[in-house]
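Q:
Number of protein chains: 2
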Amino acid sequence: MRATDVPAIRALQLFCDMSEHRFDALIRGAYVQVFPPGVELIREGDATDFLHILIDGSVELFAEWNGRETVMSTVRPVSTFILAATMRDARYLMSARTLAKSRIVLVPSTDVRHAFDADSVFARAVVAELATCYRSVIRYTKDLKLRSSVERLANYILRLHSRSDGASVFELPMEKRKLASLLGMTPENLSRAIKTLQPYGVEIDGAQVTLVNLPDLVKFSKPNTLIDGPDT
Amino acid sequence: MRATDVPAIRALQLFCDMSEHRFDALIRGAYVQVFPPGVELIREGDATDFLHILIDGSVELFAEWNGRETVMSTVRPVSTFILAATMRDARYLMSARTLAKSRIVLVPSTDVRHAFDADSVFARAVVAELATCYRSVIRYTKDLKLRSSVERLANYILRLHSRSDGASVFELPMEKRKLASLLGMTPENLSRAIKTLQPYGVEIDGAQVTLVNLPDLVKFSKPNTLIDGPDT
DNA sequence: CTCACAGATTGATAAATGTCAATTGACCAG
DNA sequence: CTGGTCAATTGACATTTATCAATCTGTGAG
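Those sequence lines, one after another, are chains W and L.
According to my numbering, the first sequence is numbered sequentially starting from -16.
According to my numbering, the second sequence is numbered sequentially starting from -16.
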């Protein structure tokens, strides 16, 4: 593990309040691996063995049924994924695949459960993290059920806009076909949805998004804290 | 609170392993209320004040956006709801409304968080419960994203079938328009989807479902443990 | 017992979304 | 450079799903 990895992990909400020696004990059993793009890290249905922490790169969580595949979410560094399966000691409900070259820390699930039992500060952090994850899936599902595909795209763009601190020019963080799947539509439909938003000042060239008429886009999108965050 | 209420609550996964005196302390601050059908118990966006436990009756969790409304899930007795918001001390993401006359126990959120901090057995149960909730929303979202409306209905019927211990005749647990919304379609479409399943031996008369050709229905539905449960 | 009402169904039609095929465009290996 | 590959786009069309309007039906109040 690199010298800079540990502080980055330590800074995560999940670990930041842990006592020094507990954290050290937990991280001691962990190890780092670097994966090229396109590697399937986790296969849905498999038994849980490691809590994963993405240090650098990009990972998608996806699910399959009957020959169909859909992106459920993407993981950005630095963050953990599949904590719920780890804590329940249950099978993975989603698969995970690297989208870019990625550095990933693997913490044995048994160590995590052990730390949870032994350290009440960590226990509280686990609950906070799980509750946050739960709430973000609820938001995602509300987005899917209550909005049309164009509305989902519009609000997604506004979320990206906030995430880049209100800059009017920013980048899409993934390929358009992945984004389409995440937003619950086909790539063809995403292309059309982008065109539909042109009258609201949305210009997308490659991965670069430019917003030239934010008020109109907001009026069209009707963003809502209880769907689009932040989580309060 | 009735004499029979406490044992029923005590039997829940969330409370069953708690020590006697911790449980008593938690339940002492709680109180019961009976609501007629159609009462809005929780309004999305409000601050969390109570953990709710449905003792008897029926409750739906729903969400709204831009004048649209959708059923997110239904709660059957005996179970808790909105644990995540309670633990995060955050605003509700969903509203709740009684579908039938319902007896509900309200436990002050601060008491729950207190018990979590003081009792590691309860803490473990909270994590197990949260992880289970998280996983069931993931399943629900997979169902929505990977399946067509007829496929969702078919698999829903099979889940009901398992829930009634494999009986070939059983009842729909809610009004068809609520079911339609839960399954992500309009009532009109649900009617048509039911007809579409007739060739697979699905007969629905009012709320009564009769399955006369289970093998064909299963072949059509392609149920999957990682979507339809059970959670392993 | 009967009427009124809300939910359920049906048919006709519209809108949203997906599929297929062809083309364009960007990027990387050689 | 340049050819090959894969993603993105576009157009034509099919399918799914929603909407609207018109019954039908079961249930509870009076």
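Think of the CB as a built atom: it goes at the ideal place given N, C-alpha and C, for glycine as much as any other residue.
Treat the numbers as computed from the prediction; the structure is a model and nothing was measured.
1) Here's the rule I'm using: 16 or more other beta-carbon atoms within 10 Å means buried, otherwise exposed. How should C(-1)/L be labelled?
2) For I65/W, name the three-state secondary structure that DSSP assigns.
3) For the stretch 169 to 195 of chain W, which residues have a CB atom closer than 9 Å to at least one CB atom of chain L, in sequence order?
4) How far does the alpha helix (DSSP H) with S145/L in it reach, from first residue to last?
5) What ranges does the alpha helix (DSSP H) occupy inside the stretch 14 to 85 of chain W, keeping only unbroken runs of at least 4 residues that lie completely in it?
6) Using a beta-carbon distance below 8 Å, is C116/L in contact with chain W?
7) Any chance the stretch 103 to 120 of chain W sits against the stretch 101 to 117 of chain L, with 3 or more Cβ pairs inside 8 Å?
8) Write down every uninterrupted run of the beta strand (DSSP E) in the stretch 145 to 215 of chain W whose length is 3 residues or greater and which is fully enclosed by it, in chain order.
9) Using C-beta distances below 8 Å, list every residue in its chain close to G28/L, excluding the 5 sequence neighbours before and after it, in chain order.
10) Quick check: what's the CA-CA separation for N172/W versus L129/W?
11) Using 8 Å as the cut-off, can you tell me whether the stretch 56 to 71 of chain W makes contact with the stretch 60 to 69 of chain L, which would need three or more C-beta pairs spanning the two stretches below that distance?
12) Just checking my contact of L166/W with L136/W at CB under 8 Å: how many whole Å lie between their CB atoms?
13) Taking the alpha-carbon of S151/L as reference, which of E158/L, S119/L, I140/L, V22/L has the nearest alpha-carbon?
14) So is T53/L in contact with chain W if we call contact Cβ pairs under 8 Å?
15) Give me the chain W residues within the contact set of R74/L, using Cβ-Cβ distance strictly less than 9 Å, ordered along the chain.
16) Does L89/W come out as helix, strand or coil in the three-state DSSP assignment?
17) Any beta carbon of chain L sitting closer than 8 Å to that of S147/W?
18) Quick one: is S2/L buried, meaning 16 or more other Cβ sit within 10 Å of its Cβ, or exposed?
19) Hey, would you say T81/L sits closer than 8 Å to V22/L, going by beta carbons?
20) When the distance is taken between beta carbons, is F18/W closer than 8 Å to P91/W?
21) Check the C-beta distance from D126/L over to I177/L and give it rounded, since I have them as a contact under 8 Å.
22) Between Y159/W and chain L, is the shortest Cβ-Cβ distance under 8 Å, so that the two count as touching?
23) So is S145/W buried or exposed if we call it buried at 16+ other beta carbons inside 10 Å?
24) Cutting at 7 Å between CB atoms, please list the residues of its own chain near D199/W, excluding the five before and the five after it.
25) Taking Cβ positions only, does A8/L come closer than 8 Å to chain W?
26) With DSSP run on the structure shown, which of helix, strand or coil describes C116/L?
27) Who are the Cβ neighbours of S164/L in its own chain at under 7 Å, not counting the five residues just before and after it?
28) Exposed or buried, what is V195/W when buried is set at 16 or more other beta-carbons lying within 10 Å of its beta-carbon?
29) Could you pull out every residue in the same chain whose Cβ sits closer than 8 Å to the Cβ of M70/L, ignoring the five residues on either side in sequence?
30) Would you identify the three-state DSSP class for L127/L, choosing helix, strand or coil?
31) Measure from the C-beta of D29/L to each C-beta in chain W and report whether the shortest distance is under 8 Å.
32) Can you grab the Cα-Cα spacing for the pair T193/W / L24/L, in whole Å?
33) Could you compute how far the alpha carbon of M77/W sits from the alpha carbon of D188/W?
A: Inspection of the coordinates gives the following:
1) Stepping through the second sequence from its first residue, residue -1/L is reached at position 16. It is exposed - the Cβ of C(-1)/L has fewer than 16 other Cβ atoms within 10 Å.
2) On the first sequence, residue 65/W is found 82 positions in, with the first residue counted as 1. Coil, per DSSP.
3) none
4) For the purposes of this step, residue 145/L is taken as residue 162 along the second sequence, with counting starting at 1. Counting along the chain, the alpha helix (DSSP H) containing S145/L begins and ends at 132 to 146.
5) 66 to 71
6) In the second sequence, residue 116/L corresponds to position 133, counting from 1. Chain W contact via Cβ: present.
7) yes
8) 152 to 154, 185 to 188, 191 to 194
9) Here residue 28/L is taken as the residue at index 45 of the second sequence, counted from 1. Here the set comprises R74, Y75.
10) Numbered from its first residue, the first sequence carries residue 172/W at position 189. Numbered from its first residue, the first sequence carries residue 129/W at position 146. Distance between the alpha carbons of N172/W and L129/W: 18 Å.
11) no
12) Taking the first sequence and counting its residues from 1, one reaches residue 166/W at position 183. Taking the first sequence and counting its residues from 1, one reaches residue 136/W at position 153. Contact flag correct, Cβ pair sits at about 6 Å.
13) Walking along the second sequence from the start, residue 151/L turns up at place 168. Of E158/L, S119/L, I140/L, V22/L, the residue nearest in Cα terms is I140/L.
14) Sequence index remark: in the second sequence, residue 53/L carries index 70 (1-based). Yes, because at least one Cβ of chain W sits closer than 8 Å to the Cβ of T53/L.
15) Indexing the second sequence from 1 puts residue 74/L at position 91. T208, L209, D214, T215, listed in chain order.
16) Position 106 of the first sequence, counted from the first residue, corresponds to residue 89/W. The answer is strand: DSSP assigns L89/W an E or B state.
17) To locate residue 147/W, count along the first sequence from 1; it is residue 164. No, because no Cβ of chain L sits closer than 8 Å to the Cβ of S147/W.
18) Here residue 2/L refers to the residue found at position 19 when the second sequence is read from its first residue. The residue is exposed, with fewer than 16 neighbouring Cβ atoms inside 10 Å.
19) Looking up residue 81/L in the second sequence gives position 98. Looking up residue 22/L in the second sequence gives position 39. Cβ distance < 8 Å, so T81/L and V22/L count as in contact.
20) For this step, residue 91/W is matched to residue 108 along the first sequence. For this step, residue 18/W is matched to residue 35 along the first sequence. No; because the gap between Cβ atoms is not below 8 Å, this pair is not in contact.
21) The count along the second sequence starts at 1 and reaches residue 126/L at position 143. The count along the second sequence starts at 1 and reaches residue 177/L at position 194. At roughly 18 Å, the Cβ-Cβ gap does not stay under 8 Å, so D126/L and I177/L are not in contact.
22) Locating residue 159/W in the first sequence gives position 176, where the first residue counts as 1. The sequence given here has Lys at residue 159/W, not Tyr. No, its Cβ sits nowhere closer than 8 Å to a Cβ of chain L.
23) One-based indexing of the first sequence puts residue 145/W at position 162. Classification of S145/W: exposed, given that the 10 Å Cβ count is below 16.
24) One-based indexing of the first sequence puts residue 199/W at position 216. Cβ neighbours of D199/W beyond the five flanking positions: Y183, G184.
25) Start at 1 with the first residue of the second sequence, and residue 8/L comes out as number 25. A8/L does not count as touching chain W.
26) Start at 1 with the first residue of the second sequence, and residue 116/L comes out as number 133. Helix at C116/L.
27) Residue numbering aside, residue 164/L sits at position 181 when the second sequence is read from its first letter. Taken in chain order, the residues that qualify are T53, V54.
28) Counting from one through the first sequence, the residue named residue 195/W turns up at place 212. Answer is exposed; the Cβ neighbour count stays below 16.
29) The residue you call residue 70/L lines up with position 87 of the second sequence. V95, R96, F99, V109, L113, listed in sequence order.
30) Here residue 127/L refers to the residue found at position 144 of the second sequence. If DSSP states are grouped into helix, strand and coil, L127/L belongs with the helices.
31) In the second sequence, the residue the question calls residue 29/L occupies position 46. So no, D29/L is outside the interface.
32) Taking the first sequence and counting its residues from 1, one reaches residue 193/W at position 210. Taking the second sequence and counting its residues from 1, one reaches residue 24/L at position 41. The alpha-carbon atoms of T193/W and L24/L are separated by roughly 43 Å.
33) Position 94 of the first sequence, counted from the first residue, corresponds to residue 77/W. Position 205 of the first sequence, counted from the first residue, corresponds to residue 188/W. Each residue's alpha carbon lies about 32 Å from the other.
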